[in-house]
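Undergrad: Note that this note's numbering has the sequence shown beginning at 5, numbered continuously upward.
Attaching a single structure in structure tokens format; questions to follow.
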Amino acid sequence: MRYWILLPALLFSLASFADEAAIGYVKTATGDAYVISKNVKTAAKPGTPVFQGSQLKTGAKSSLGVTFKDETVMSFGPDTELTVDEYLYAPSQGKLKLGSKLAKGSMNYVSGVIAKLQGITDRTAAEKCKGLLIAVPRSELPEQEEGEYYWSDLIGLAVKNVQGVELGRVKELFATGANDVLVVEGKRERLIPYIGQVVLEVDLAGKRMVVDWDAEF
Numbered sequence: 005m006r007y008w009i010l011l012p013a014l015l016f017s018l019a020s021f022a023d024e025a026a027i028g029y030v031k032t033a034t035g036d037a038y039v040i041s042k043n044v045k046t047a048a049k050p051g052t053p054v055f056q057g058s059q060l061k062t063g064a065k066s067s068l069g070v071t072f073k074d075e076t077v078m079s080f081g082p083d084t085e086l087t088v089d090e091y092l093y094a095p096s097q098g099k100l101k102l103g104s105k106l107a108k109g110s111m112n113y114v115s116g117v118i119a120k121l122q123g124i125t126d127r128t129a130a131e132k133c134k135g136l137l138i139a140v141p142r143s144e145l146p147e148q149e150e151g152e153y154y155w156s157d158l159i160g161l162a163v164k165n166v167q168g169v170e171l172g173r174v175k176e177l178f179a180t181g182a183n184d185v186l187v188v189e190g191k192r193e194r195l196i197p198y199i200g201q202v203v204l205e206v207d208l209a210g211k212r213m214v215v216d217w218d219a220e221f
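Printed below as a string of structure tokens:
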């Protein structure tokens with residue numbers, strides 16, 4: 005009887021995936037590697053489809069390689085978690101987008117069509133751009149959801165802690181893989197993790213930020 009109850013749910017799950025086009029496929033997988041799509045956890049193996057919203061996970065001593073439709077390649081090391089939030093590949097309409105969040109771990113990224121620059125078609129041309137900064141007009145950036153900010157919005161904000169002590173201003177940010185880090189320059193430089201437990205308030209209009217951070221650190 006239990007099999008008859010579970011089978012329709014399984015068929016419904018498979019049908020929902022069939023209606024959604026895959027945005028990429030697993031190319032390599034070793035150890036404990038998984039693709040989680042719509043709360044269905046699948047052991048990764050070559051050919052496993054990846055969808056928008058899929059979470060890619062690897063365990064200890066494991067690895068995973070995924071190739072997307074635009075030929076973007078992502079390779080994940082051990083203990084890594086990444087979610088593919090957005091993916092749009094419609095070159096005929098000029099619509100290209102890839103957005104993902106790395107919760108923890110490490111990865112290598114080789115860009116495909118979505119991240120290619122016009123006129124840069126081979127390695128020799130790309131090497132000439134080494135060291136250059138790539139700029140995107142602000143008008144081309146997608147709108148951020150509530151509580152999300154671009155790094156450029158945070159640079160220059162005055163930072164004080166919950167005790168009211170002025171710590172300085174945000175000089176820059178950098179990513180560690182686990183989370184982003186604020187470089188706050190005041191009487192001395194401080195490295196403050198940009199996480200919800202620490203950054204309590206961001207006021208862009210008031211050009212300030214409140215953090216739960218001991219002034220002695």
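We put the CB at the ideal spot given by N, CA and C, even for glycine.
Under three-state DSSP, which class holds L145?
TA: Residue mapping note: residue 145 aligns to position 141 of the sequence shown, counting from 1. Looking at L145 - three-state DSSP - the assignment turns out to be coil, as it is neither helix nor strand.
Undergrad: Given 8 Å as the limit, is there contact between the stretch 165-175 and the stretch 96-106, that is, 3 or more CB pairs closer than that?
TA: No, because fewer than three Cβ pairs between the stretch 165-175 and the stretch 96-106 fall closer than 8 Å, the two stretches do not touch.
Undergrad: To the nearest angstrom, report how far apart N112 and L86 are at their CA atoms.
TA: Counting from one through the sequence shown, the residue named residue 112 turns up at place 108. Counting from one through the sequence shown, the residue named residue 86 turns up at place 82. Their backbone Cα atoms lie some 12 Å apart in a straight line.
Undergrad: Measuring straight from C-alpha to C-alpha, what distance separates A25 and N183?
TA: Counted from its first residue, the sequence shown places residue 25 at position 21. Counted from its first residue, the sequence shown places residue 183 at position 179. The alpha-carbon atoms of A25 and N183 are separated by roughly 31 Å.
Undergrad: Using a 10 Å radius around the Cβ and a threshold of 16 neighbouring Cβ atoms, would you call R194 buried or exposed?
TA: Here residue 194 is taken as the residue at index 190 of the sequence shown, counted from 1. Buried: at least 16 other Cβ atoms inside 10 Å.
Undergrad: Let's see if you can read the secondary structure: which residues bound the beta strand (DSSP E) around S58?
TA: Counting from 1 along the sequence shown, the entry for residue 58 is found at position 54. S58 -> no beta strand (DSSP E), and no H or E assigned at all.
Undergrad: In angstroms with no decimal places, state the Cα-to-Cα distance between Y93 and D83.
TA: Numbered from 1 along the sequence shown, position 89 holds the residue referred to as residue 93. Numbered from 1 along the sequence shown, position 79 holds the residue referred to as residue 83. Roughly 29 Å separates the two Cα atoms.
Undergrad: Short of 6 Å in beta carbon distance, which residues of its chain neighbour F221, apart from the five on each side in sequence? Order them along the chain.
TA: Translated into the one-based positions of the sequence shown, residue 221 becomes position 217. Excluding sequence neighbours, F221 sits near nothing in its chain.
Undergrad: Could you give the distance in angstroms between the alpha-carbon of G69 and the alpha-carbon of T128?
TA: Walking along the sequence shown from the start, residue 69 turns up at place 65. Walking along the sequence shown from the start, residue 128 turns up at place 124. Going from the Cα of G69 to the Cα of T128 covers about 26 Å.
Undergrad: Skipping 5 residues on each side, what residues in its chain have a beta carbon closer than 8 Å to that of D89?
TA: Here residue 89 refers to the residue found at position 85 of the sequence shown. Excluding residues within five positions, the ones whose Cβ falls inside 8 Å are Q56, G57, G103, S104 and K105.
Undergrad: Report the partner residues of I40 according to the DSSP bridge assignment.
TA: Here residue 40 refers to the residue found at position 36 when the sequence shown is read from its first residue. Partner(s): K45 and Q59.
Undergrad: Only counting the same chain, and skipping five residues up and downstream in sequence, which positions put a Cβ closer than 7 Å to that of V39?
TA: Here residue 39 corresponds to residue number 35 of the sequence shown, with the count starting at 1. V30, T46, A48, T52, V54, S58 and L60.
Undergrad: Given a cut-off of 8 Å on the beta-carbon distance, is the pair V215 and L204 in contact?
TA: Reading the sequence shown from its first residue, position 211 is the one you call residue 215. Reading the sequence shown from its first residue, position 200 is the one you call residue 204. The answer is yes: Cβ separation under 8 Å.
Undergrad: In angstroms with no decimal places, state the Cα-to-Cα distance between R192 and W217.
TA: The residue labelled residue 192 in the question sits at position 188 within the sequence shown. The residue labelled residue 217 in the question sits at position 213 within the sequence shown. Those two C-alpha atoms are separated by around 14 Å.
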